[in-house]
C-alpha cells in the first residue's frame with residue numbers, strides 16, 4: 004500500500020515536468036510558485052500518509068497477533084491513511100494544471 008504513494012509523486016512530477024517552459028514562452032513567477040506548491044502538497048501529504056501507514060501497520064500487526072478480529076479495523080485505517088496521499092495528488096494536479 005505504501006508503494007503507491009511514491010507513484011503518486013511520480014505522476015505529479017511528470018505532469019509538472021511537461022508544464023515547465025522557458026520564461027520567454029510565458030512561464031512566469033505565478034506558475035512557478037503554483038508548481039512549487041503542487042510539489043510540496045504531494046510530497047508532504049505523501050510523507051504524512053507514509054508515517055500514518057507505518058504507525059498503524061506496526062500497531063495493527065502487534066494487535067492482530069493477539070486478537071485476530073482487529074484485522075478488518077486495521078485494514079480500514081490503513082485505507083484511510085492511504086487516502087491522504089491520494090488527496091494530496093489530486094490537489095497537486097489541480098494546482099499544477101491551473
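In the working numbering, the protein residues as written are 4 to 101. Note that beta-carbon positions come from the ideal geometry of N, C-alpha and C, so glycine has one too.
Nearest to residue 87 (by Cα), restricted to the options 63, 45, 62 = Among 63, 45, 62, the Cα nearest to that of residue 87 is on 45.
Three CB pairs or more closer than 8 Å across the segment 30-41 and the segment 76-84 = Short answer: they don't touch.
Near residue 84, which residues of its chain fall below 7 Å by C-beta distance, leaving aside the five closest residues on each side in sequence?
-> 52, 55, 56, 59
Are there 16 or more other CB atoms within 10 angstroms of the CB of residue 91, so buried, or fewer, so exposed?
-> buried
Can you give me the Cβ contacts of residue 66 inside the same chain, cut-off strictly under 8 Å, excluding the 5 residues immediately before and after it?
-> Sequence-distant Cβ neighbours of residue 66 in its own chain, meaning closer than 8 Å and more than five residues away, are 73, 77.
Over the uninterrupted alpha helix (DSSP H) stretch that includes residue 26, give me the two end residues.
-> Looking at the DSSP string, residue 26 is not in any alpha helix (DSSP H), and its letter there is neither H nor E.
With hydrogens ignored, establish whether the beta-carbon of residue 34 is closer than 8 Å to any heavy atom of the ligand SAM.
-> For the ligand SAM, the structure offers nothing, since it holds no ligand at all.
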